[in-house]
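S.K.: Provided herewith is a single structure, encoded as structure tokens, for subsequent inquiry.
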Amino acid sequence: MKLVRFDAGTGPRCGVIDAAGVREVLSPAHPAGDMAALLAAGLDGITLTDERHAESAVRLLAPIANPPKILCAWVNYPNPAMASMPQVPIFFSKYASAIIGPGDAIELPRIGDEIVVEPEIAAVIGKGGKHIAEAEALDHVAGYTIVNDVTAFSHRLQILLGSQGPYMMAKSFDTFAPMGPCIATADEVSDPQALGQRHWVNGQLETDAHSSAMVYPLAKLISYASDFFRLQPGDVILCGSPFPLAGKPGFLQSGDRVEIEIEGIGRLVNPVVAEG
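What follows is the structure, given as structure tokens:
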């Protein structure tokens, strides 16, 4: 199934979406609209309301607004610009305050420039754990979503050169983590290493890749991360962004439209505006 957070005019709710529309999840185990709490309570035997909303009649929100952690794999696809790839998985983090949902605007910050799209498959943890074996890692995944790891590229380069603060500052501007449109549960995605992924800006294809090209597969990422951090239900793990078709990323401009499509999950669309 495909889990969503949505607002039909009465505030955020958790639901299930299909071709016929959206139905709310009924569960006393979680506050309305709290996907992390729903995942922690477990998805077995969830019940849905009889009322069904047309997708056009609701506003889809980011499927999880309050993840305990956002862990992002660094350079996890082949990159011809690098002389060598990381010998082990490397992670950085983004603030949850950067999360926005489908249709929400990516804001180009006043102090940042050279803003780029980084389209990524993201795993949402359903069962927590520490020191998780790689062979068991995917059993800890509740499902998969799309995250655009928007980055202020010039700031990132300055940070890598050591002239500014943490790397995270280039990644965590407000609106720099579009997420959605849903969480496709693990039973819908039989193999996270067998997913096509593409993104367009203004209809121009900029990425056309496949998750089989990851340097470290998702199971390895989860296992390795769990040696450092106890994973919790609702944690979001980004798997890295593929190298762009043009050999270098294009920079976003106000008025652009960004679309990211990942097989089995859906399509995430966001407009781009200048910060007000």
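Heads up: the sequence shown at position 73 corresponds to 65 in my numbering, and the numbers run straight through without jumps.
Heads up, the beta-carbon is just placed ideally off N, CA and C, and yes, glycines get one too.
All values reported here derive from a predicted model rather than from experimental measurement.
(1) I'd like to know whether the C-beta atoms of Leu30 and Ser246 end up nearer to each other than 8 Å.
(2) To which residues does DSSP link Arg249 through a beta bridge?
(3) Find out if the Cβ-Cβ distance for the pair Ile62, Asn140 is shorter than 8 Å.
(4) When the Cα of Gln196 is compared with those of Ala238, Leu230 and Ala211, which residue comes out closest?
(5) Taking Asp183 as the reference, give the member of Ala90, Pro236, Met160 and Ala211 with the closest Cα.
(6) Does DSSP put His45 in a helix, in a strand, or in coil?
(7) Is Met171 helix, strand or coil when you go by DSSP?
(8) Given that a residue counts as buried once 16 or more other Cβ atoms are within 10 Å of its Cβ, and exposed if not, what is Ala162?
(9) Roughly how far, in whole angstroms, is the beta-carbon of Leu213 from the beta-carbon of Pro81, given that I think they are within contact range, below 8 Å?
(10) Would you kindly check if the distance between the Cβ of Arg(-3) and the Cβ of Pro60 is under 8 Å?
(11) Does the beta-carbon distance from Pro111 to Ser233 come in below 8 Å?
(12) Just to confirm my understanding: we take Arg102, look at its own chain, exclude 5 residues before and 5 after, and list those with CB closer than 7 Å. What are they?
(13) Can you look up Val50 in the DSSP assignment and give me helix, strand or coil?
(14) Helix or strand or just coil, what does DSSP make of Glu255?
(15) Just list the alpha helix (DSSP H) runs in the region 192 to 249, keeping only unbroken ones of 4 residues or longer that don't cross its boundaries, in chain order.
(16) Since I believe Phe168 is in contact with Glu294 (beta carbons under 8 Å), could you give me their beta-carbon distance rounded to a whole number of angstroms?
(17) Since I believe Gly25 is in contact with Gly3 (beta carbons under 8 Å), could you give me their beta-carbon distance rounded to a whole number of angstroms?
(18) Alpha carbons only, please: which of Asp179, Asn262, Tyr69 and Gly172 is nearest the one belonging to Ala114?
(19) With the cut-off set at 8 Å, would you say Pro94 and Leu260 are in Cβ contact?
(20) For a quick check, are the C-beta atoms of Val17 and Met(-7) less than 8 Å apart?
M.R.: Straight from the coordinates:
(1) no
(2) Pro263
(3) no
(4) Ala238
(5) Ala211
(6) strand
(7) strand
(8) buried
(9) 5 Å
(10) no
(11) yes
(12) Glu267
(13) coil
(14) coil
(15) 210 to 218
(16) In the structure as shown, the chain starts at -7 and stops at 268, and residue 294 therefore has no counterpart that could be examined.
(17) 7 Å
(18) Gly172
(19) yes
(20) no
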